[in-house]
Amino acid sequence: MKRIVILISGRGSNMEAIVQRCAEQRWPAAVVAVIANRADAGGLAFARGRGIATAVVDHKAQPSREAFDAALAEAIDGYGPDLVVLAGFMRVLGAAFVARYQGRLLNIHPSLLPAFPGLHTHRRALAAGCKLSGATVHLVTADLDHGPIVMQSAVPVLAGDDEQALAARVLATEHVIYPLAVRWFVEGKLRLDDAGIVRQADGASQVLM
Ligand code: NHR
Ligand code: GAR
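Per the working numbering, residue 5 is the first one in the sequence shown, and the count goes up by one each step.
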């Protein structure tokens, strides 16, 4: 049984999707804790309601980024995770934190990386006139939003889209690919090749349209 810890900052709809698919599809895994950097993160109530342990590590209560990272790592390690999942987690993590969870730290980013790393992705995709956008699941490295890509899905940008409309379309596809990527991880189907590229053991496509 693989132990999953999920980090959130807000609504936590990706966390919900993972918790639900994990139970429905009987993955060889369990979400053992949900940790937020804000006490008002909406997703905490869902986790509590499912009987999942929750914790808050408030970045504003810490004197530095390094101190926050250390407090967060201590909270995470209390749950002995095999995999740590960032799901709408909004604090940049330092190199020491990333090294501690190397190869077992996943993020979902709301763009087709390597386009638009960082914040305000939908606004930037619209401003660039993109006809497609989407979401990317990647392994987290110290280089923000540049880790090895695990899975991507694309959605159209439609005439009349504003940031909210595009964000909603991308979010719907996040709820499809993030549970699938986490499932592949806990089933041991993902491998990093010599070139640092994530391959699926049975060669299945990692692009969903
Ligand atoms: N940390 C590392 N080292 N590498 C990554 O790839 C990371 C990461 C931490 C978070 C998620 C990411 C995203 O998917 C993520 C990937 C927050 C920021 C940010 O600038 C950027 C990227 C991501 C998450 N945060 C501000 C900060 O000062 C705070 C913004 C806020 O609180 O609203 O940390 O996009
Ligand atoms: C998602 O769209 C996720 O990709 C994005 O925030 C949303 C969180 O939604 N993440 C980032 O922008 C990271 N910087 P959720 O809390 O409902 O899962």
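Cβ coordinates follow ideal geometry from the N, Cα and C atoms, glycine included.
What I want to know is whether the C-beta of Met94 ends up closer than 7 Å to one or more non-hydrogen atoms of the ligand NHR. yes
In this structure, does DSSP put Gly138 in helix, strand or coil? strand
Expressed to the nearest angstrom, what Euclidean distance is found between the alpha-carbon atoms of Gly164 and Arg104? Roughly 44 Å separates the two Cα atoms.
Threshold first: 3 residues or longer. Then list the beta strand (DSSP E) segments lying entirely within the region 46-79, N to C. 57-60
Can you tell me the Cβ-Cβ gap for Ala139 and Ile112, rounded? I've got them flagged as a contact below 8 Å. 6 Å
Pull up the CB-CB distance for Ile8 and Pro85, whole angstroms please, since I reckon it's below 8 Å. With 8 Å as the limit, Ile8 and Pro85 qualify as a contact, their Cβ atoms being about 6 Å apart.
Contacts around Lys135, its chain only, beta-carbon distance under 8 Å, and the 5 residues preceding and following it disregarded: Within the same chain, Lys135 has close Cβ partners Pro160 and Val161.
Extract the residue ranges of the beta strand (DSSP E) inside the region 105-134, only unbroken runs of 3 or more that lie entirely within it. Correct list: 109-113.
With a threshold of 7 Å (Cβ to nearest heavy atom), would His113 be considered close to the ligand NHR? Indeed, a heavy atom of the ligand NHR lies less than 7 Å from the Cβ.
Ala40: CB within 7 Å of a non-hydrogen atom of the ligand NHR: no
Can Thr177 be considered in contact with the ligand NHR, in the sense that its beta carbon sits closer than 7 Å to one or more heavy atoms? Incorrect: Thr177 has no Cβ contact closer than 7 Å to the ligand NHR.
Please report the distance separating the alpha-carbon of Asp197 from that of Ala74. 30 Å
Measure from the alpha carbon of Val89 to the alpha carbon of each residue in Gly207, Ala33, Arg54 and Ala49, then state which is nearest. Ala33
Inter-residue spacing [alpha-carbon to alpha-carbon] between Gln24 and Ala132: Those two C-alpha atoms are separated by around 35 Å.
Quick check on this structure: which residue in Leu143, Asp62 and Tyr83 has the alpha carbon closest to the alpha carbon of Val102? Leu143
Could you give the residue range of the beta strand (DSSP E) that holds Ala34? Ala33 to Ala40
Could you tell me whether any non-hydrogen atom of the ligand GAR is closer than 7 Å to the CB of Ile12? The answer is yes for Ile12.
Can you name the residues that DSSP bridges to Ala158? In the DSSP output, where bridge partners are listed per residue, Ala158 has Gly138.
How would you write the range of the alpha helix (DSSP H) that Gln168 sits in, first residue to last? Glu167 to Val190
Could you compute how far the alpha carbon of Leu48 sits from the alpha carbon of Ala185? 22 Å
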